[in-house]
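All remarks here apply to the structure that follows.
Protein chains in written order, with the numbering used here: chain B, 598 to 716; chain V, 3 to 113.
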């Protein structure tokens, strides 16, 4: 099955520092990856859609200068939380879509998630 | 604003019973629908996808889709305590690959 690897699984950082989260598709190519944020007992909120070789599309209310997304290859997308603050503490999850399965197949597979704590 | 609505629960069923989870969506043009299971502290895992009206069965799971009523459901037969989790309904919005998630229904299966 499709495997998406996300790293790190857990990170604690000081307020004001930046944190980079990696999302890799291990056994398929992903032209499109998605970044979600989930606060406790809430659903997944889409932050941005990451497209290989082009700029990410951010959802309304998500600061593109604070959440930097880079999708430089067909198997890797990164999310950098810049100048992190305690309110950025959350569970960040990526998902990826297998480009080889065609436009009608829209199943996406999730990484393990990254629990970010900003102190 | 595209929306996906689910009853937050918790839904409690005895072991061996059928659990029925429901979901409605607002985007009438949506064609792709998914059910994910999420254990506490973990990321979601895909259970079922459904694209056509009617029923789709996979083991103990049956997804049902009614596009006219904008309604998707998931039935879990012979529920097990290990099925206890939050079940997320997800709908791909018309145009592109963006997927909107419902808030999830917490299911408890009592042994």
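C-beta atoms are modelled at their ideal positions from N, C-alpha and C, and glycine is treated no differently.
A direct Cα-Cα distance of roughly 15 Å separates residue 53 of chain V from residue 38 of chain V.
Residues of the region 17-51 of chain V with a C-beta less than 9 Å from any C-beta of chain B: 33, 34, 36, 38, 40, 43, 44, 45, 46, 47, 48, 51, listed in chain order. Going by beta carbons, residue 7 of chain V and residue 25 of chain V fall inside the 9 Å limit. In this structure, residue 694 of chain B and residue 99 of chain V form a Cβ contact; the two beta carbons are roughly 6 Å apart against a cut-off of 8 Å. Residue-level contact by beta carbon fails for residue 684 of chain B and chain V, as no gap is shorter than 9 Å. In this structure residue 668 of chain B is buried. Its beta-carbon is surrounded by 16 or more other beta-carbon atoms within 10 angstroms. Counting along the chain, the unbroken beta strand (DSSP E) around residue 635 of chain B starts and ends at 629-635. In this model, residue 666 of chain B and residue 19 of chain V are separated by some 45 Å (Cα to Cα).
Taken through DSSP and simplified to helix, strand or coil, residue 16 of chain V comes out as strand. Taken in chain order, the complete beta strand (DSSP E) segments of 3 residues or longer contained in the region 74-107 of chain V are 87-94, 101-103. Put simply, the CB of residue 650 of chain B is far from chain V, with every gap to its CB atoms at 9 Å or more. Cβ contact annotation for residue 15 of chain V (same chain, cutoff 8 Å, sequence separation greater than five): 21, 81, 109, 110, 111, 112, in chain order.
Residues of the region 668-679 of chain B with a C-beta atom less than 9 Å from some C-beta of chain V do not occur. Take the alpha-carbon of residue 63 of chain V and the one of residue 87 of chain V: they are about 14 Å apart. DSSP places residue 619 of chain B in the strand class (E or B) of the three-state scheme. Taking a beta-carbon distance threshold of 9 Å, residue 67 of chain V does not count as an interface residue toward chain B.
Non-local C-beta neighbours of residue 622 of chain B in its own chain, meaning closer than 6 Å and more than five positions away in sequence, comprise 601, 672, 693, ordered along the chain.
Taking 9 Å as the threshold, the shortest C-beta distance from residue 712 of chain B to chain V falls below it. Comparing C-alpha distances from residue 4 of chain V to each of V/59, V/17, V/29 shows the shortest one belongs to V/29. Proximity of the region 608-622 of chain B to the region 66-84 of chain V falls short of the contact definition, fewer than three beta-carbon pairs being nearer than 8 Å.
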